[in-house]
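Engineer: Chains as they are written, first to last, in the working numbering: chain L, -2 to 181; chain U, 36 to 147.
Think of the CB as a built atom: it goes at the ideal place given N, C-alpha and C, for glycine as much as any other residue.
None of the values given here were measured: they were computed from a predicted structure.
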Amino acid sequence: MSFTDADLIARVLLRADQNAFGELVRRHQSPVRAFLARLTRGDAHLADDLAQVTFLKAWQKLQSFRGDSRFSTWLFGIAFNEFRGVARQRKELALEEVAESPLELEQSAAAPDRNLRLDLTEALKLLNSNERAAVVLCCQNGLSHEEAARVLDCPLGTVKSYVLRGREKLKRRLAPAYENYESA
Amino acid sequence: MKIMNPPEPNDPLDALLRGRSQYVEDNGFTSRVIARLPRRRDRFWLRQILLLGATALGSVLAVLWLPWNNLLPLDFSALLSPNSHVLLPWMLVLSVVGSLIGAFIAAVQWED
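1) In its own chain, which residues sit with a C-beta less than 6 Å from the C-beta of I6 of chain L, not counting the 5 before and 5 after it?
2) Please name the residue, chosen from U:D61, U:L127, U:D46, that lies closest to V95 of chain U on a Cα-to-Cα basis.
3) What are the residues of the stretch -2 to 25 of chain L that lie near chain U, defined by any Cβ-Cβ distance shorter than 8 Å?
4) Residue range of the alpha helix (DSSP H) that G74 of chain L falls in?
5) Given this structure, state the Cα-to-Cα distance separating F18 of chain L from L59 of chain L, to the nearest angstrom.
6) Using a Cβ-Cβ cut-off of 8 Å (strictly less than) and excluding sequence neighbours within five positions of F0 of chain L, which residues of its own chain qualify?
7) Work out the CA separation of K54 of chain L and R23 of chain L for me, nearest whole Å.
8) On the three-state DSSP scale, how would you describe Q57 of chain U?
9) Can you confirm whether A48 of chain L, when its beta carbon is compared against all beta carbons of chain U, has any partner nearer than 9 Å?
10) If you follow the alpha helix (DSSP H) that G63 of chain U is in, where does it begin and where does it stop?
11) With C-beta atoms as the reference, is R35 of chain L less than 9 Å away from V133 of chain L?
12) Please state whether the Cβ-Cβ distance between F73 of chain L and L140 of chain L is less than 9 Å.
13) R82 of chain U by DSSP, collapsed to three states: which one?
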């Protein structure tokens, strides 16, 4: 018999059942860690630290989970907040805004074969954190724009523009690789 | 259930992104999280107090209603004789003490 997330959450709330919470962690650790790995630009150690903090916060705040969104969406929201906190501390957000300009320069100057080597992982690193989060949530994890807006704590229209801009940047960056991908 | 964003048909970027969503192996991650969980004492201290309080109250009432005159007879040789008037109060005392000890152990071990 398999329990739903709602069953497990109820057990945690009523009995502080650590086994039930462990099952929730097992179910959701992969998307949360992958999401954080993307946000941290592949820093696996930082991503895992943030993921641990995310689940510890989830344990502490579980009573505030109202069930009006999916549990995974709620977790992504905590994860993104944790990332944002660390990014602020490290002043990465400020650096990322600067990092946007080289994208245009490199794109015009880069040799085609260099672009071919640039895979999706590298291309995602060139997006700012909001665009990257929106693209990963909506295009990779299948969240709706409404859910992503809740995770990123911003208006729906803003999320849509993050996704649109992010996708456009990825397409431009991966244009040569696209051709190979389509022909494969 | 929310309706997810449907991937754009024939869009290689969507295919590429979805293809990259690989499963991340647990590799002890869940165990590390569980090991760091703080104990939820906030939810349990109330139960412990209720458990001990109810037992203590019951014990006080039982002690108040005990027939102390029969419990401690002037003639101590009566303690050796199997007399229900003497044995019954002593059994009540032992029950009260046992209940208190049991409640204390239950309260202490509640989280285990």
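Structural biologist: For this structure:
1) Against the first sequence, residue 6 of chain L aligns to sequence position 9. For I6 of chain L, where only same-chain residues beyond five positions count, there are no Cβ hits under 6 Å.
2) Walking along the second sequence from the start, residue 95 of chain U turns up at place 60. Cα-wise, what sits closest to V95 of chain U is U:L127.
3) A13, Q15, F18, G19, V22, R23
4) Start at 1 with the first residue of the first sequence, and residue 74 of chain L comes out as number 77. G74 of chain L -> alpha helix (DSSP H) spans 68 to 86.
5) Here the question's residue 18 of chain L lines up with position 21 in the first sequence. Here the question's residue 59 of chain L lines up with position 62 in the first sequence. Computed Cα separation, rounded: 10 Å.
6) Indexing the first sequence from 1 puts residue 0 of chain L at position 3. For F0 of chain L, where only same-chain residues beyond five positions count, the Cβ hits under 8 Å are R8, A17, E20.
7) In the first sequence, counting from the first residue as 1, residue 23 of chain L sits at position 26. In the first sequence, counting from the first residue as 1, residue 54 of chain L sits at position 57. Rounded to whole angstroms, R23 of chain L to K54 of chain L spans 16 Å at the Cα level.
8) The residue you call residue 57 of chain U lines up with position 22 of the second sequence. DSSP places Q57 of chain U in coil when its eight states are reduced to three.
9) Counted from its first residue, the first sequence places residue 48 of chain L at position 51. So, interface residue.
10) As a first step, residue 63 of chain U is located in the second sequence; it is residue number 28 there, counting from the start. Run containing G63 of chain U: none; DSSP gives neither H nor E here.
11) If you number the first sequence from 1, residue 35 of chain L lands on position 38. If you number the first sequence from 1, residue 133 of chain L lands on position 136. In this structure, V133 of chain L lies closer than 9 Å to R35 of chain L by Cβ.
12) The residue given as residue 73 of chain L occupies position 76 in the first sequence. The residue given as residue 140 of chain L occupies position 143 in the first sequence. A contact, by the Cβ cut-off of 9 Å.
13) Working through the second sequence from its first residue, we reach residue 82 of chain U at position 47. Three-state result, R82 of chain U: helix.
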